[in-house]
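Participant: Take a look at the following structure, please.
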Amino acid sequence: MAKELKNNTDEAQQTEANVTPAAAEQETTAEVVVADEVIETPEKAEEPKQPWLVIVMVLLMRLVVGGVFVFSGFVKSIDPWGSYYKFNEYFQVFGWESLLGLSMFFAFALAAFEFILGVLLVTGSCRRVAPLCATAFMLVMTPLTLWLAVTDAVPDCGCFGDYLILSNWATFGKNVALLAGCVYLLVLNTRVRSIYGPAVQWMVMALSFIFVMFNLFSGYLTQPLLDFRPYKIGTKLVSNATSSTDADYLFIYEKDGEQREFALDSVPDDDSGWNYVNRRTVKKPQQSLPKDGLTIAAWDNGDDMSDSLLMHDQLLLILIPDMDKVSIAYTFRINELQTYADKLGCAVAALTSGTDEEIAEWNDIAMAHYPIYNADDSEIKMIARGNPAVVYVNDGKIVWKRTLMSIDPEIIHREEVTIAQIGDNVQEADVLRHNVLAYLFCMAVVLLVNRTHLVFRRKKKE
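With the UniProt record's numbering, letter number 168 in the sequence shown gets 168, and the count goes up by one each step, no holes.
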């Protein structure tokens, strides 16, 4: 028995010794190949093919839902002052006066959030997070717009700025459709690949953030890069007293702490005890425009001064929507601007929606030597953005308009500079065009760098 075991062991050792080097190399190669196959299997695994209808619907929802977010964020970024006024309106309706100081911050944040989220949805980036954020956002906005539609507390929600004004019920219907699209993407968005790879999607967000912030700061510091309002550059201003507009005005008077509105034909006499406070338009100016131009109304204790205001060949209008929020430094700059304008034979006047008490306080602090007239708050904000804003009118036509902060204080001390040249150094449309082209170019470069290696990999496999 022991002899048999010994013979078997010797045969096994002899067989192992007789293995040729070539056979051993083949065996080793086979093991490597098997190992490579095991390692490469996860890399070669492809996502399961989706039905063509699912792919088409996901791509369509990305374009529609994401496109709406991109458009909404873009128009808000063009005119941050419009969003600022709208947030003020919302906070006052809800009784959140403590948040009024954050209105401009919310205007910037909302525009950036909507635009970046829209770009992520359109490109399919962040396939899980983007639809989740969009759905959460619409779950807040849809009930809010339903409440606005029922109560009409705010006539225009401001979804698309002044570019496109929708009724509250139309806005609610739009939000319901968007919410349905967001839910669809929340479920099926991961089944379709994104345009940009995961490694560069942070660059997509960064470029979009830079683009939208450039628009926001341009609109905040100077004027909106696109003017969606009626009072565009080149518009002729017409006196409210001589125009053919059918806009109605109500005059607000106060007596014994009670405020009451009066029509023009029923304004109380001076000896009646009623004191003039303010006035407001029943119809917005853009809803009742005269054929020969746009109206501008200036009031002084209830008297229409628009005729005398527009009789000047050259006129600098200082628009002050909120007197309480203007720093004292700006009042001195306005005085310097008036001195400069007087040398060039240009009249200066201010329009504000403040009360008589606020105007009197302004005159005491600013030592103003220019007339200050009362005007409708919405009309002031439509003519130009900023607090204060400056509008140059020549022969009744708007030549330029700027925020006061964007006017270089040194430029008004140069004798060779005319008033027309002060606001002629920035062409908003050209700035926006260059900004858009630069943004699209950078996005294309990122896509090219990110996806070029896939082409070479496919050719290598072929």
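Don't be surprised by glycine CBs; every beta carbon is placed ideally from N, CA and C.
Since we're looking at a predicted model, the values are computed, not measured.
1) If we define contact as Cβ-Cβ less than 8 Å, is E357 a contact residue for chain D?
2) Might you give, ordered along the chain, the residues of its own chain that have their beta carbon closer than 7 Å to the beta carbon of V64, omitting 5 neighbours on each side?
3) Quick one: Cα of S102 to Cα of W96, how far?
4) Would you list the one or two residues that DSSP bridges to Q314?
5) Could you check what DSSP says for E27 in three-state terms: helix, strand or coil?
6) Do I320 and P388 count as a contact pair if the criterion is CB distance below 8 Å?
7) Can you round the beta-carbon distance between V192 and T123 to whole angstroms, since I take them to be within the 8 Å contact cut?
8) Around the Cβ of V19, are there at least 16 other Cβ atoms within 10 angstroms (buried) or fewer (exposed)?
9) Going by alpha carbons, who is nearest to I398 out of I412, D408, S406, M382?
10) Would R128 be called buried (16 or more neighbouring beta carbons within 10 Å of its own) or exposed?
11) From the DSSP output, which residues share a beta bridge with L132?
12) Check this for me: beta carbons of A115 and G73, under 8 Å apart or not?
13) What's the C-alpha gap between L216 and L226?
14) My understanding is that Q201 touches C126, with C-beta atoms under 8 Å, so please give their C-beta distance in whole angstroms.
15) Along the beta strand (DSSP E) that carries Q259, what are the first and last residues, could you check?
16) Helix, strand or coil for S239 per DSSP?
17) Going by beta carbon distance, what residues of the same chain come within less than 8 Å of V431, once the five residues before and after it are set aside?
18) Using alpha carbons as the reference points, say which of R402, V75, V187, F228 lies closest to V212.
19) With a cut-off of 8 Å, do at least 3 Cβ pairs link the stretch 349-360 to the stretch 427-446?
20) Express the C-alpha separation of Y253 and E261 in angstroms, rounding to a whole number.
21) Cβ of L121 within 8 Å of Cβ of A111?
22) Compute the beta-carbon to beta-carbon distance between L309 and I419, rounded to the nearest angstrom, for a pair I have assumed lies under 8 Å.
23) Check for me: the alpha helix (DSSP H) holding A350 runs from which residue to which?
24) Identify the residues that DSSP records as bridge partners of Y196: which are they?
25) By Cβ distance below 8 Å, which residues in the same chain neighbour L179 in space, the five residues on each side in sequence not counted?
26) In terms of residue numbering, what span does the alpha helix (DSSP H) encompassing N88 cover?
27) Check for me: the beta strand (DSSP E) holding Y373 runs from which residue to which?
28) Pull up the DSSP beta-bridge partners for R402, would you.
29) With burial defined as no fewer than 16 other Cβ atoms inside 10 Å of the residue's Cβ, what is the status of D162: buried or exposed?
30) Does K255 come out as helix, strand or coil in the three-state DSSP assignment?
31) With a cut-off of 8 Å, do at least 3 Cβ pairs link the stretch 143-152 to the stretch 80-87?
32) Inspect the beta-carbon positions of L166 and C159 and report whether they are closer than 8 Å.
33) Got a sec? Which residues, its chain only, sit under 7 Å from S406 by beta carbon, not counting five neighbours each side?
34) Report the CB separation of L317 from V391 in whole angstroms; it is logged as a contact under 8 Å.
35) Nearest to L447 by CA position, among L207, A170, T339, is which residue?
36) F172 to L60, Cα distance in whole Å?
Facilitator: Reading from the atomic positions:
1) Given the protein chain composition of this structure (a single chain), no chain D is represented.
2) G181
3) Ser is not the amino acid found at residue 102; the sequence shown has Leu there. Using only the alpha carbons, I get a separation of about 11 Å.
4) N394
5) Note that E27 scores a pLDDT of 45, beneath 50, so its modelled location is shaky; the value from the coordinates is reported in the next line. Note: E27 maps to helix in three-state DSSP.
6) yes
7) Their Cβ separation, rounded to whole angstroms, is 11 Å, which puts V192 and T123 out of contact at 8 Å.
8) Residue placement at V19 cannot be trusted, given a pLDDT of 46 that sits under 50; what the coordinates show is reported in the next sentence. Exposed, by the Cβ-count rule.
9) M382
10) exposed
11) Answer is none; L132 lacks a bridge partner.
12) Position check: residue 115 holds Phe in this sequence, whereas Ala was assumed. A contact, by the Cβ cut-off of 8 Å.
13) 12 Å
14) 6 Å
15) 258-262
16) strand
17) S218, L225
18) V75
19) no
20) 6 Å
21) no
22) Going by Cβ atoms, the distance from L309 to I419 rounds to 17 Å, so no, they are not a contact pair.
23) Careful: A350 lies outside any alpha helix (DSSP H), inside the beta strand (DSSP E) at 347-352.
24) The partner list for Y196 (beta bridge, DSSP) is empty, contrary to what the question assumes.
25) T135, M138, L139, T142
26) 80-94
27) 372-374
28) V390
29) buried
30) strand
31) no
32) yes
33) L221, T222
34) 4 Å
35) L207
36) 21 Å
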